[in-house]
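Residue numbers (the numbering used here): 740 to 892.
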């Protein structure tokens, strides 16, 4: 990443579809979305994707789902060359701001997310935003324990 490169965080648009598929398959290979499934998610009123852009290139994303009484952060990824420049923090802050703005309408009281026990960098990021461990997922993903992190609004 060039230090002068401007990063913009905004809602995903149709033009980001292919990039989101590529990033999801790279960083969340156990999900394996089809193009149709991603399109359904992009069209959903309950699922929101935010993207981080460097010029016209998608360099990261976060997606979340509004559920009964809570929001669930579904995924957060930044491509390797753009890590350690605050992009994940900007994506997380933008998502939390969006959720807070919708909290009353959707009766959201907390935000949950899942993280691999073997991903201390992500755990540190989530703790920075006030998330705390609240349990473990009852199954392993890719042979890794998964921790549930939660944050009350």
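Ideal placement from N, C-alpha and C gives every residue a C-beta, glycine not left out.
For residue 845, the closest alpha carbon among the candidates 811, 769, 780 is that of 811. Within the model, the alpha-carbon separation for residue 838 versus residue 850 is close to 8 Å.
Annotated three-state conformation of residue 809 is strand, per DSSP. Taking C-alpha positions only, residue 765 is separated from residue 773 by approximately 14 Å.
Here residue 874 is not near residue 847, since their CB atoms are 8 Å or more apart. When 798, 843, 892 are compared, the shortest CA-CA separation from residue 830 is found for 798. A direct Cα-Cα distance of roughly 16 Å separates residue 786 from residue 816.
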